[in-house]
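Under this note's numbering, residues 827 to 1176 are what the sequence shown spells out, in order.
Notes follow once the structure below has been shown.
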Amino acid sequence: MASHQFICFLAMISLMIINISANKACHPDDLKGLNDFKAGIHSDTSSRLSKWIGQDCCNWPGISCNSTTNRVVKIYLPGHYVSGDDESPNFVSSTMSGSISPSISLLTSLQVIDLNKLVGLTGQIPESIGVLKNLKELNLQTNQISSTIPESLFTLTSLTTLNLENNHLIGEISENIGNLQALQKLFLSNNSFTGKIPVSITKIYSISTIHLETNQLVGEIQLPLSPAQWPLIKTLALDNNKLTGVIPDSIGYLTTLSSLSISNNQLTGPIPSCLGNIKQLQILKVNNNNFSVEMLPTSICGLTELSVLYVAQNKIHGPLPGCLSSFKYLLDVDIPFKRTVTLPMGVHKQ
Ligand SMILES: *[C@@H]1O[C@H](CO)[C@@H](O)[C@H](O)[C@H]1NC(C)=O
Ligand SMILES: *[C@@H]1O[C@H](CO)[C@@H](O)[C@H](O)[C@H]1NC(C)=O
Ligand SMILES: *[C@@H]1O[C@H](CO)[C@@H](O)[C@H](O)[C@H]1NC(C)=O
827 MASHQFICFL
837 AMISLMIINI
847 SANKACHPDD
857 LKGLNDFKAG
867 IHSDTSSRLS
877 KWIGQDCCNW
887 PGISCNSTTN
897 RVVKIYLPGH
907 YVSGDDESPN
917 FVSSTMSGSI
927 SPSISLLTSL
937 QVIDLNKLVG
947 LTGQIPESIG
957 VLKNLKELNL
967 QTNQISSTIP
977 ESLFTLTSLT
987 TLNLENNHLI
997 GEISENIGNL
1007 QALQKLFLSN
1017 NSFTGKIPVS
1027 ITKIYSISTI
1037 HLETNQLVGE
1047 IQLPLSPAQW
1057 PLIKTLALDN
1067 NKLTGVIPDS
1077 IGYLTTLSSL
1087 SISNNQLTGP
1097 IPSCLGNIKQ
1107 LQILKVNNNN
1117 FSVEMLPTSI
1127 CGLTELSVLY
1137 VAQNKIHGPL
1147 PGCLSSFKYL
1157 LDVDIPFKRT
1167 VTLPMGVHKQ
């Protein structure tokens, strides 16, 4: 082969290679955003980030792209995950340490950020997160993040799931949370949030799950003032705070509720008899408050789906209504209680 032919041949090959790698390169903003994210993590026991090399970030572990736009839509790097295929799944339990780079905001098509149970994420939720207008799910649970929630997060009106539980978050929960009109699941439990429960939370019509337990929240329980406001509510968990005041009668509007826990607060007054409206209630925990009634209201006899009932450490002295002894599913009661129906095998009363 003549030398000029050989050079031609080499040039052709290298053009082809450039072409292939250009096709495979992801968007430069996504690439920079992910490389900066990687630089912010100084330890990764799973070694997933060590495979983040080259330009083809859509094929990196934990990254998904939209096949039309080739933009990154998902970062999925939980601490516990399954690797390998369906036939030989490998259950991995790993940790990452470091903090979330503000460059995350370069990944403008992101819909999901899931960094749950990495245990070692510290620092802040970057203020720049407010740029990610397509974000539907933000899961940073079980880490060591210690900032406030940036106000910009409450402009992410596509969010359906916000899970920040088990961190060291501080500050008040902003009234702007009411702007999250697509939110279905809110997990803020086990942090150091202070101040009151924002009233605007009652205006999030799409909400089904509210976990605010184990914080330092004060003031009164906020509930919708009309029956149509939380039409999908299933779980309301406010236990282990410093809440005061009474349970509003509007609790009776929450007819779709299956779990209500308000234990370990400083609530007073009676247990409202309109609780009896919540026919689907399975879990009711009101123990360790300052409720002043002698007896539970007899309307509780309508709650035939109850399986867990905690009422101890209040001023409730009277016996439980007799009807409870015939509840089929009632398995876990925190005060002496005698059942008259036969328990299924293997079920023990506490
Ligand atoms: C990918 O992006 C295009 C253009 O934005 C959009 O129409 C399409 O629904 C997206 N595909 C998926 C699977 O999200
Ligand atoms: C609360 O969160 C911390 C991490 O911040 C975690 O270590 C602890 O186990 C959590 N507690 C519960 C009850 O989940
Ligand atoms: C409980 O109520 C009594 C009065 O009924 C009051 O003296 C006491 O301070 C209250 N305790 C709490 C923790 O709110």
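Glycine included, every Cβ here is placed at the ideal spot set by N, Cα and C.
If you compare alpha carbons, which of the options is closest to residue i?
i       : options                           : result
Gly956  : Asn1005, Gly946, Glu998           : Asn1005
Ile926  : Lys1154, Ile1036, Ser972, Asp882  : Ser972
Gly949  : Pro976, Thr934, Leu936, Gln937    : Pro976
Gly924  : Glu1001, Phe863, Leu1146, Cys891  : Phe863
Leu857  : Pro915, Asp911, Leu936, Asn916    : Leu936
Asn1115 : Pro1096, Ile1126, Leu1107         : Pro1096
Leu988  : Tyr1031, Ile1036, Lys1029, Leu947 : Ile1036
Ser1085 : Leu982, Gln1092, Gln1108          : Gln1108
Pro1057 : Leu1038, Ser1034, Gly1045, Leu990 : Ser1034
Ile1104 : Ile889, Asn1090, Cys1127, Phe1117 : Cys1127
Val1136 : Asp870, Val1159, Leu1122, Thr1124 : Residue identity check: residue 1136 is Tyr in the sequence provided, not Val. It is Val1159.
Lys1060 : Ile1030, Cys884, Leu1080          : Leu1080
Pro928  : Phe917, Pro915, Ile951, Tyr907    : Ile951
Ile1030 : Glu1046, Leu1122, Leu1051         : Leu1051
Opposite residue i in the DSSP bridges: which residues?
i       : result
Met922  : Asp870, Val945
Ser1085 : Thr1061, Ile1109
Glu1001 : Paired residue(s): none; Glu1001 is not in a bridge.
Lys1068 : Val1044
Val908  : Phe917
Asp1158 : Val1134
Ile1183 : The requested residue 1183 is not part of the displayed model; the chain covers only 827 to 1176.
For the beta strand (DSSP E) that residue i lies in, which residues bound it at each end?
i       : result
Cys891  : 889-891
His853  : Per DSSP, His853 belongs to no beta strand (DSSP E) and is neither H nor E.
Leu964  : 963-965
Asn989  : 987-989
Phe1019 : 1018-1020
Ser1032 : Where Ser1032 is concerned, there is no enclosing beta strand (DSSP E), given that its DSSP letter is neither H nor E.
Lys1011 : 1011-1013
Lys900  : 898-902
Leu1135 : 1134-1136
Val938  : 938-940
- Query: Who's in the neighbourhood of ligand 2, going by beta-carbon under 5 Å from any heavy atom, listed in chain order?
  - Reply: The set, ordered by position in the chain, is Asn992, Asn1016.
- So which residues put a beta carbon under 6 Å from any heavy atom of ligand 1, going in chain order? In chain order, the qualifying residues are Asn892, Thr894, Thr895.
- Item | Meets three-Cβ-pair contact criterion under 8 Å: the region 1002-1016 and the region 939-946 | By the Cβ test, the region 1002-1016 is not in contact with the region 939-946, since fewer than three Cβ pairs between them sit closer than 8 Å.
- Message: Under 8 Å, with one C-beta from each stretch per pair, do the region 878-889 and the region 959-969 reach the 3-pair mark?
- Response: No, they do not touch.
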